[in-house]
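Below is one structure, written out as structure tokens; the observations come after it.
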Amino acid sequence: MRVTVENGKALKVSGDPDHPPTQGVLCTKVSRYADRVHHPDRLTVPLKRIGAKGEGRFVPISWTEAFDECVFQAKANADSRANRTQFPRQTER
Numbered sequence: 001m002r003v004t005v006e007n008g009k010a011l012k013v014s015g016d017p018d019h020p021p022t023q024g025v026l027c028t029k030v031s032r033y034a035d036r037v038h039h040p041d042r043l044t045v046p047l048k049r050i051g052a053k054g055e056g057r058f059v060p061i062s063w064t065e066a067f068d069e070c071v072f073q074a075k076a077n078a079d080s081r082a083n084r085t086q087f088p089r090q091t092e093r
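Per the UniProt record's numbering, the sequence shown starts with residue 1, numbered consecutively.
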């Protein structure tokens, strides 16, 4: 992967044609990285919904609060007999 950087800012991401497995091909998500990461509408802090779903009402929260909320919700789902919660996991090969 090749990244064009100017003043510490990634301006362009492209594939490396000398990389044998990919021959310079990048997926769409990675190839548009520079556009997305610097987009003015990009979220930079976690947001918590304060209204009903679909109302679009959110407040900023800390990263610690967001993590704690995720853990709380995951535990609540796992403890609920009504939900058949599955957690993805990665195993060593």
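Each residue gets a CB set at the ideal place from its N, CA and C atoms; glycine is no exception.
On a predicted model such as this, the values are computed, not experimentally measured, just so you know.
**Asked** CA-CA distance, Ala10 and Asp16?
**Response** If you number the sequence shown from 1, residue 10 lands on position 10. If you number the sequence shown from 1, residue 16 lands on position 16. The straight-line gap from Cα to Cα measures roughly 16 Å.
**Thr4 versus Lys48 - alpha carbon distance** = Taking the first residue of the sequence shown as position 1, residue 4 is located at position 4. Taking the first residue of the sequence shown as position 1, residue 48 is located at position 48. When rounded, the distance between both Cα atoms is 35 Å.
**Asked** Assuming Ile61 contacts Pro40 under a Cβ cut-off of 8 Å, what Cβ separation, rounded to an integer in Å, is found between them?
**Response** In the sequence shown, residue 61 corresponds to position 61, counting from 1. In the sequence shown, residue 40 corresponds to position 40, counting from 1. The pair is not a contact, with the Cβ atoms about 21 Å apart (cut-off 8 Å).
**Request:** Per DSSP, which residues does Ser31 bridge with? Please list them.
**Result:** For this step, residue 31 is matched to residue 31 along the sequence shown. The partner list for Ser31 (beta bridge, DSSP) is empty, contrary to what the question assumes.
**Message:** Measuring alpha carbon to alpha carbon, tell me which residue in Pro21, Ser14, Thr44 is nearest Val30.
**Reply:** Here the question's residue 30 lines up with position 30 in the sequence shown. Closest option to Val30, judged by alpha-carbon separation, among Pro21, Ser14, Thr44: Ser14.
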